[in-house]
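S.K.: Chains as they are written, first to last, in this note's numbering: chain A, 128 to 343; chain B, 128 to 343.
Protein chains: 2
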Amino acid sequence: MNTVSTNRGAGKPGRPRSQATRLAILDAATDLALAGGCVPTIDALATRAGVSRTTIYKWWPSAAAVLAEGLLERFHESIEFDDSLPVRTAVTRQVEALARLMTQTPAGALLRQLQAASASDERLSAALLARWLAPRRDRVAEHLARGIDQGTLRADVDVDLVVDVLFAPLYHRLVWGHAPLDDALARRLCDLVWPTIAADVSETTPTSHPSSRRAS
Amino acid sequence: MNTVSTNRGAGKPGRPRSQATRLAILDAATDLALAGGCVPTIDALATRAGVSRTTIYKWWPSAAAVLAEGLLERFHESIEFDDSLPVRTAVTRQVEALARLMTQTPAGALLRQLQAASASDERLSAALLARWLAPRRDRVAEHLARGIDQGTLRADVDVDLVVDVLFAPLYHRLVWGHAPLDDALARRLCDLVWPTIAADVSETTPTSHPSSRRAS
DNA sequence: CTATTAGTGGACACGGTGTTCACGATACGC
DNA sequence: GCGTATCGTGAACACCGTGTCCACTAATAG
Chain A
128 MNTVSTNRGA GKPGRPRSQA TRLAILDAAT DLALAGGCVP TIDALATRAG VSRTTIYKWW
188 PSAAAVLAEG LLERFHESIE FDDSLPVRTA VTRQVEALAR LMTQTPAGAL LRQLQAASAS
248 DERLSAALLA RWLAPRRDRV AEHLARGIDQ GTLRADVDVD LVVDVLFAPL YHRLVWGHAP
308 LDDALARRLC DLVWPTIAAD VSETTPTSHP SSRRAS
Chain B
128 MNTVSTNRGA GKPGRPRSQA TRLAILDAAT DLALAGGCVP TIDALATRAG VSRTTIYKWW
188 PSAAAVLAEG LLERFHESIE FDDSLPVRTA VTRQVEALAR LMTQTPAGAL LRQLQAASAS
248 DERLSAALLA RWLAPRRDRV AEHLARGIDQ GTLRADVDVD LVVDVLFAPL YHRLVWGHAP
308 LDDALARRLC DLVWPTIAAD VSETTPTSHP SSRRAS
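Now the structure itself:
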């Protein structure tokens, strides 16, 4: 039924792993998760993918792990880097990109479920932290460091803190749904933080309306 | 075994609900949740509390609901209001109080598990939002509104956004554990936000030494 | 061809859920 | 005190999902 792979790479003996069934399982995971609103069961996964339960157990430790692999694989390219852009613009775009990812792609809903599952699964938590959260944080942190080097940002900026202030509200609203999570939120977060972290007075490209700003 | 209640209030006929068993169940829930690191099963709950499973099912829809009731009942008094304090001091103390609640009481661990459980339980999510998150947000929002009235804060402050910026990083670090969650975090968050939201120049009582120190 | 690995499908024990039932326990109004 | 209504108990039950096992078939490298 599954005849796609060519066992390229290491010349391992034996029947090669079928990429068709692997992708069918990953697709089934995201589909069911989005439809059902929660992490699907292994049974449902196998049925939907037209695959034996045994196969899933062979390659993944849990249904949440399948879901995580699907998420990470689909959206690992969703981070752009533009070192040529001004720091403030680049950071704003990163935050906007995450907000858009959460609201306009399945990533938001999946992430919400995976974050919940990670509370009782240490390995899943570590994987999401290392492969989802950290890369996006690092990208912003790099831009901030660039700003410090350029002298447009204060030298004593607590980068981790600023990254938290920019990102945490997005995740918080994704989880609790107590306030809208839209594109404007990203820009407003940057506007709120920038006066404090910018070096002295008028700084780089205010991105938005220059409403009587005033730094410390 | 259980003879505590007096059925005071409405003169309802029949045997009154035993407060002793109710509290035993709530205690068992928090104890097991803290020990096990996840929401306990109804079976474990009943065994630990020395109570029949049927009794639990009669009063709560799920184990998470029991846990939520225990959390909300124990910590609903943990919000102080000091309208006499300067706005910045009052807000800082609110954020510090939440940070301390998360790290130095069982509330943090319980909240982490309940937040996870709420992803697949709409009623639990609504209850936590209304009875845990909202009251604490409202308290800070009131202080901010007071500052706007007094003229110490800008009139165009987005209160919801500021509250998110102050609180979200705490919840975010509680969940992901990617950065330390200590008392200093609360003060640093306020320091980061205040220059932007304060009305014009030098503002109300900087609470602490006037420097947001530390680079990463 | 043989060796080796992948995928199948059925079986199993295990544990937790949520419900039902009959029974005893404890309060109220009279 | 007595009836009645409600509470708490303990046992049973079907149901579902998990995780593991096994014998079998399928596909590929050498």
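All residues carry an ideal CB built from backbone N, CA and C; glycine is no exception.
Here's the rule: buried if 16 or more other CB atoms are within 10 angstroms of the residue's CB, otherwise exposed. What is A:Gln242?
M.R.: By the neighbour-count definition (other C-beta atoms within 10 Å, threshold 16), A:Gln242 is a buried residue.
S.K.: Should the segment 204-212 of chain A be called in touch with the segment 172-181 of chain A, which here means at least 3 C-beta pairs below 8 angstroms?
M.R.: no
S.K.: Comparing C-alpha positions only, which one of A:Leu256, A:Val290, A:Glu200, A:Gly304 sits nearest to A:Arg266?
M.R.: A:Val290
S.K.: Interface residues of chain B around A:Cys317 at Cβ under 8 angstroms?
M.R.: Chain B residues near A:Cys317: none, gap ~11 angstroms exceeds 8 angstroms.
S.K.: Any beta carbon of chain A sitting closer than 8 angstroms to that of B:His270?
M.R.: no
S.K.: To the nearest angstrom, report how far apart B:Leu308 and A:Pro143 are at their CA atoms.
M.R.: 47 angstroms
S.K.: Which residue comes first and which comes last in the alpha helix (DSSP H) that contains B:Arg180?
M.R.: 180-186
S.K.: Between B:Gly164 and B:Leu153, what straight-line distance do the alpha-carbon atoms span, to the nearest angstrom?
M.R.: Straight-line Cα distance between these residues: approximately 16 angstroms.
S.K.: Could you give the C-beta distance for B:Leu319 and A:Val292, rounded to a whole number, given that I count them as a contact under 8 angstroms?
M.R.: 6 angstroms
S.K.: Within its chain, find whatever has a CB closer than 7 angstroms to the CB of B:Ala268; leave out the 5 residues flanking it on each side and keep chain order.
M.R.: Val286, Val290
S.K.: Taking only the alpha-carbon atoms, compute the straight-line gap between A:Gln146 and A:Arg201 and give it to the nearest angstrom.
M.R.: 15 angstroms
S.K.: Alpha carbon to alpha carbon, how far is B:Leu212 from B:Ala282?
M.R.: Taking the straight line joining both Cα atoms gives about 20 angstroms.
S.K.: CA-CA distance, B:Asp310 and A:Leu172?
M.R.: 44 angstroms
S.K.: Is B:Arg250 near the ligand PLP - that is, is its Cβ less than 7 angstroms away from at least one heavy atom of it?
M.R.: Absence of the ligand PLP is noted for the structure shown, with no ligands found whatsoever.
S.K.: Is the beta carbon of B:Thr279 closer than 8 angstroms to that of B:Ala325?
M.R.: yes
S.K.: Return the Cβ separation of A:Arg264 and A:Phe294 in integer angstroms, given the expectation that the two are a contact with Cβ distance under 8 angstroms.
M.R.: 7 angstroms
S.K.: Closest to B:Ile275 by CA distance: which of B:Asp327, B:Glu196, B:Ala244, B:Ser245 is it?
M.R.: B:Asp327
S.K.: Is the beta carbon of A:Val193 sitting closer than 8 angstroms to the one on A:Ala156?
M.R.: Their beta carbons are under 8 angstroms apart, which means A:Val193 touches A:Ala156 by this criterion.
S.K.: Going along chain B, which residues have a C-beta under 9 angstroms from A:Ser247?
M.R.: Gly164, Cys165, Val166, Gln240, Ala243
S.K.: Between which residues of its own chain and A:Glu223 is the CB-CB distance below 6 angstroms, once the five residues before and five after are set aside?
M.R.: Asp310, Ala313
S.K.: So B:Val193 contacts chain A; which residues on that side make the cut at Cβ distance below 8 angstroms?
M.R.: None at all; the shortest Cβ gap to chain A is about 17 angstroms.
S.K.: Less than 8 angstroms separating the beta-carbons of B:Pro167 and B:Ala176?
M.R.: No.
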